[in-house]
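**Student:** Let me begin by handing over the structure; questions about it come next.
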Amino acid sequence: MKVQLKVWRQKNRNSPGKFVIYDSPDLNPNMSFLEMLDVVNESLASKSEEPIAFDHDCREGICGTCSLVIDGKPHGPHKGVATCQTYMRSFKEGDQIVIEPFRAKAFPLIKDLVVDRKAFDRIQQKGGFISVRTGSAPDANSIPVPKDNADLAMDAAQCIGCGACVAACKNASAMLFVSAKVSHLGLLPQGQPERHRRVKAMVDQMDEEGFGACTVTGACEAVCPKSISLDFIARMNRDYLVALAKGDAKKPAAGGA
Amino acid sequence: MKLLLQIWRSSLGKKYVMALTGGALLLFVLGHMAGNLQFFLPPTYINAYGHFLQTTPELLWPARLGLLAMVGLHISAAISLTAANRAARPTRYAGAISSQGATLAARTMIWSGLVVASFIVYHLLHYTLTLPQVNGYQVFTGQSMDFDGLVEPKTGFHDIFAMIVLGFRIPVVAGFYLLSVGLLSIHLGHGVASMFQSLGLRSHVWWPRIATAARVLSVVIFLGYAVIPVSVLLGRGSDYVNDVRTSGKGTHLSPTSLSPSK
Ligand code: HEM
Ligand code: SF4
Ligand code: FES
Numbered sequence: 000m001k002v003q004l005k006v007w008r009q010k011n012r013n014s015p016g017k018f019v020i021y022d023s024p025d026l027n028p029n030m031s032f033l034e035m036l037d038v039v040n041e042s043l044a045s046k047s048e049e050p051i052a053f054d055h056d057c058r059e060g061i062c063g064t065c066s067l068v069i070d071g072k073p074h075g076p077h078k079g080v081a082t083c084q085t086y087m088r089s090f091k092e093g094d095q096i097v098i099e100p101f102r103a104k105a106f107p108l109i110k111d112l113v114v115d116r117k118a119f120d121r122i123q124q125k126g127g128f129i130s131v132r133t134g135s136a137p138d139a140n141s142i143p144v145p146k147d148n149a150d151l152a153m154d155a156a157q158c159i160g161c162g163a164c165v166a167a168c169k170n171a172s173a174m175l176f177v178s179a180k181v182s183h184l185g186l187l188p189q190g191q192p193e194r195h196r197r198v199k200a201m202v203d204q205m206d207e208e209g210f211g212a213c214t215v216t217g218a219c220e221a222v223c224p225k226s227i228s229l230d231f232i233a234r235m236n237r238d239y240l241v242a243l244a245k246g247d248a249k250k251p252a253a254g255g256a
Numbered sequence: 000m001k002l003l004l005q006i007w008r009s010s011l012g013k014k015y016v017m018a019l020t021g022g023a024l025l026l027f028v029l030g031h032m033a034g035n036l037q038f039f040l041p042p043t044y045i046n047a048y049g050h051f052l053q054t055t056p057e058l059l060w061p062a063r064l065g066l067l068a069m070v071g072l073h074i075s076a077a078i079s080l081t082a083a084n085r086a087a088r089p090t091r092y093a094g095a096i097s098s099q100g101a102t103l104a105a106r107t108m109i110w111s112g113l114v115v116a117s118f119i120v121y122h123l124l125h126y127t128l129t130l131p132q133v134n135g136y137q138v139f140t141g142q143s144m145d146f147d148g149l150v151e152p153k154t155g156f157h158d159i160f161a162m163i164v165l166g167f168r169i170p171v172v173a174g175f176y177l178l179s180v181g182l183l184s185i186h187l188g189h190g191v192a193s194m195f196q197s198l199g200l201r202s203h204v205w206w207p208r209i210a211t212a213a214r215v216l217s218v219v220i221f222l223g224y225a226v227i228p229v230s231v232l233l234g235r236g237s238d239y240v241n242d243v244r245t246s247g248k249g250t251h252l253s254p255t256s257l258s259p260s261k
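Chains as they are written, first to last, in numbering that gives the first Met the number 0: chain W, 0 to 256; chain C, 0 to 261.
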């Protein structure tokens with residue numbers, strides 16, 4: 000099969016970008032979307048043209064490195080599927096596919112389709128440590144965790160930090176990501192000691208990075224490759240409210256030991 | 000003080016302000032609707048209700064000031080959040096971007112809100128300050144009309160019933176009212192559900208119920224408000240005000256109120 004690509008090309012942050020149209024070489028419909036881009040890049044390279052820069056790593060839907068807004072939707076046509084798990088059979092012969100980078104102030108463009116998502120790393124780092132005993136593995140089930148909470152925590156932990164939620168949101172809000180990261184520890188006993196300190200630090204860093212606020216449109220949830228639920232944003236809002244009410248911890252007078 | 004600053008500076012904090020002030024305004028909107036619906040009882044009821052409010056300043060003024068504060072906070076938080084949200088995406092998508100299920104109501108909260116705000120200003124000038132310049136009489140009927148001078152003959156109370164009828168007889172006035180109430184209802188169809196989310200009052204069990212209840216409530220609010228101008232346009236109260244006009248003694252109405260414009 001063959002398709003036509005309309006791809007955003009931009010040399011760097013400071014030069015203007017534009018859409019460029021490419022006709023793909025012959026493709027196997029069972030290629031992944033990223034393999035298709037590899038093939039197109041190969042043909043560009045063979046013509047001594049600059050290949051299209053795009054992000055990718057695991058190509059199995061678990062690392063969160065792939066991105067792309069494909070035909071107006073982050074991660075392409077399917078629900079709950081990342082770009083790397085999207086296959087050319089989802090498109091028709093001769094389709095024109097429009098590909099744009101994620102756009103947000105907090106995700107500055109690096110080149111073509113590659114944006115800098117380190118803001119997410121900084122938010123996550125603000126989350127800090129959790130107090131657990133390290134060393135030898137603890138006995139299984141030595142800390143009881145209610146099944147419901149374990150399931151919910153696992154749902155939240157599914158977030159791969161790809162940033163599609165930000166890309167889809169009209170406010171470029173990172174609330175879905177932050178709420179998932181806040182909740183997966185907040186739901187577990189191991190995450191309790193630092194629970195409120197953590198949500199405060201992460202939300203404040205989120206604001207610092209220049210992401211927008213939540214208008215509860217639900218676009219993030221609709222494009223999330225891991226179908227993270229808006230419920231987690233409500234949970235984060237609750238935790239943050241408690242954190243604000245508690246205030247910052249008092250400095251111990253002498254050592255605090 | 001530090002806490003208040005922290006709330007105002009944080010995006011989540013401002014959403015709490017939006018939600019709490021929006022919730023307070025919602026309670027007012029419901030109470031006001033209940034008060035207004037006395038329009039469908041004999042005129043003495045709504046007139047007595049108005050008289051009660053006007054002669055109970057210890058109730059009226061705290062409520063007015065409280066509402067003003069709520070509206071002020073709601074609007075400042077709305078504008079500040081909307082500005083921050085816009086700034087978070089300085090470069091728009093160059094191609095078409097799909098809304099991904101974000102409803103029109105959700106995407107246009109600031110616009111429905113701003114129209115409602117302009118309506119609130121007009122509504123206060125119209126029925127609270129009763130400025131003759133804004134009630135549309137002069138422009139559309141060529142008569143001058145002083146709402147303040149409308150007095151119920153039996154009691155001597157301000158005749159609110161007649162004021163409503165005479166006010167909504169002007170189709171443009173009724174039209175702007177209907178438009179604003181419609182937009183308020185759209186604002187609340189999204190806003191009421193969003194309010195629960197902002198305050199963290201949501202779970203997967205409750206969310207569908209909250210979202211449905213918000214929509215139902217917004218339709219109820221629309222109908223509860225819209226029914227008044229619509230019934231006036233369909234003739235409710237026209238006998239009453241015509242009696243006033245033809246009673247000839249001029250006791251109900253101040254002499255200037257029905258005289259042709261000078
Ligand atoms: C009677 C009047 C009003 C009522 C009852 C009302 C109610 C509400 C409620 C309940 C919310 C949801 C809060 C949340 O998301 O947590 C909301 C949101 C909003 N309101 Fe209002 N509102 C009113 C007037 C206004 C006005 C005058 C504006 C003018 C600017 C406005 C602008 C907004 C905006 C922009 C939002 C969405 C904020 C966001 O989620 O980003 N509203 N309103
Ligand atoms: S919440 Fe979903 S869309 Fe957002 S970063 Fe995590 S996986 Fe990606
Ligand atoms: S490349 Fe790792 S998730 Fe797509």
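Using N, Cα and C, we set each Cβ at its ideal position, and we do this for glycine too.
For clarity, every value in this text was computed on a predicted model and none was experimentally measured.
Is it true that the CB of W/L243 sits closer than 8 Å to the CB of C/Q5?
**Tutor:** yes
**Student:** Using alpha carbons as the reference points, say which of W/N40, W/F176, W/N148, W/K169 lies closest to C/T90.
**Tutor:** W/K169
**Student:** Establish whether the CB of W/E99 and some CB of chain C are separated by less than 8 Å.
**Tutor:** yes
**Student:** Are the C-beta atoms of C/S256 and some chain W residue less than 8 Å apart?
**Tutor:** Below a pLDDT of 50, predicted positions are generally treated as unreliable, and C/S256, at 45, falls in that range; the measurement from the model is reported next regardless. Chain W contact via Cβ: absent.
**Student:** Between the region 196-216 of chain C and chain W, which residues of the former have CB atoms less than 9 Å from a CB of the latter, in chain order?
**Tutor:** Q196, S197, L198, G199, L200, R201, S202, H203, W206
**Student:** If you follow the alpha helix (DSSP H) that W/E41 is in, where does it begin and where does it stop?
**Tutor:** Segment 32-45, the alpha helix (DSSP H) holding W/E41.
**Student:** Going along chain B, which residues have a C-beta under 7 Å from W/N170?
**Tutor:** Absent from the structure: chain B. Protein chains present are W and C.
**Student:** What does the alpha-carbon distance come out to for the pair W/V198 and W/A152?
**Tutor:** Their backbone Cα atoms lie some 15 Å apart in a straight line.
**Student:** When DSSP builds the beta bridges, which residues end up paired with W/K5?
**Tutor:** W/I20, W/V97
**Student:** Does W/F210 get closer than 8 Å to chain C when you measure Cβ to Cβ?
**Tutor:** yes
**Student:** C/G247 to C/V219, Cα distance in whole Å?
**Tutor:** The predicted model places C/G247 with a pLDDT of 42, which falls under 50 and marks its position as unreliable; any figure quoted below should be read in that light. Going by the C-alpha atoms only, they are around 41 Å apart.
**Student:** Within 8 Å (strictly less), CB to CB, does C/R106 reach chain W?
**Tutor:** yes
**Student:** The beta strand (DSSP E) that contains W/I109, what's its start and end?
**Tutor:** 108-110
**Student:** Using C-beta distances below 7 Å, list every residue in its chain close to C/G181, excluding the 5 sequence neighbours before and after it, in chain order.
**Tutor:** F221
**Student:** What does the alpha-carbon distance come out to for the pair W/L26 and W/D94?
**Tutor:** 13 Å
**Student:** Can you round the beta-carbon distance between W/P224 and W/A118 to whole angstroms, since I take them to be within the 8 Å contact cut?
**Tutor:** Going by Cβ atoms, the distance from W/P224 to W/A118 rounds to 19 Å, so no, they are not a contact pair.
**Student:** Would you tell me roughly how many angstroms separate the C-alpha atoms of C/S256 and C/V229, rounded to the nearest one?
**Tutor:** Annotation note: pLDDT 45 at C/S256 (below 50); position unreliable, coordinate value reported separately. Cα-Cα distance, rounded: 24 Å.
**Student:** In the DSSP output, which residue or residues are listed as bridge partners for W/G211?
**Tutor:** For W/G211, DSSP records a beta bridge to W/S172.
**Student:** On the DSSP bridge assignment, give the partners of W/A103 in chain order.
**Tutor:** W/F106
**Student:** Note down, in chain order, each residue of its chain lying with its Cβ closer than 6 Å to the Cβ of C/A76, except the 5 sequence neighbours on either side.
**Tutor:** K13, V16, M17
**Student:** Quick one: Cα of C/H122 to Cα of C/V114, how far?
**Tutor:** 12 Å
**Student:** Against chain C, with Cβ distances strictly below 8 Å, would W/G71 count as a contact?
**Tutor:** Chain C contact via Cβ: present.
**Student:** Closer than 7 Å: is that where the CB of W/A81 sits relative to any heavy atom of the ligand FES?
**Tutor:** yes
**Student:** Going by C-alpha distance, which of W/A103, W/S45, W/D247, W/S23 is nearest W/P73?
**Tutor:** Out of W/A103, W/S45, W/D247, W/S23, W/A103 has the C-alpha closest to the C-alpha of W/P73.
**Student:** Would C/F167 and C/I227 be called neighbours here (beta carbons separated by less than 8 Å)?
**Tutor:** Taking 8 Å as the Cβ cut-off, C/F167 and C/I227 qualify as a contacting pair.
**Student:** Distance check for W/A171 and C/R88, CA to CA, integer angstroms please.
**Tutor:** 6 Å
**Student:** Do you know offhand how far W/I96's Cα is from C/W206's?
**Tutor:** 36 Å
**Student:** Helix, strand or coil for C/Y92 per DSSP?
**Tutor:** Correct three-state label for C/Y92: coil.
**Student:** At a Cβ threshold of 8 Å, is C/G100 touching chain W?
**Tutor:** Taking Cβ atoms only, chain W reaches closer than 8 Å to C/G100, which makes this a yes.
**Student:** Are W/M0 and W/P28 close, meaning C-beta to C-beta below 8 Å?
**Tutor:** yes
**Student:** With burial defined as no fewer than 16 other Cβ atoms inside 10 Å of the residue's Cβ, what is the status of C/F39: buried or exposed?
**Tutor:** Exposed, by the Cβ-count rule.
**Student:** Is it buried or exposed for C/Q42, if we count other Cβ within 10 angstroms and need 16 for buried?
**Tutor:** It is Pro, not Gln, that sits at residue 42 of chain C in the sequence shown. With a 10 Å radius around the Cβ and a threshold of 16 neighbouring Cβ atoms, C/P42 comes out buried.
**Student:** Taking 8 Å as the CB-CB cut-off, is W/K110 touching chain C?
**Tutor:** no
**Student:** Taking the alpha helix (DSSP H) that W/D230 belongs to, which residues open and close that run?
**Tutor:** 230-245
**Student:** How about C/L183: is its C-beta nearer than 8 Å to some C-beta of chain W?
**Tutor:** no
**Student:** Given C/A23, which residues of its chain have a CB within under 7 Å of its CB, disregarding the five upstream and five downstream residues?
**Tutor:** M69
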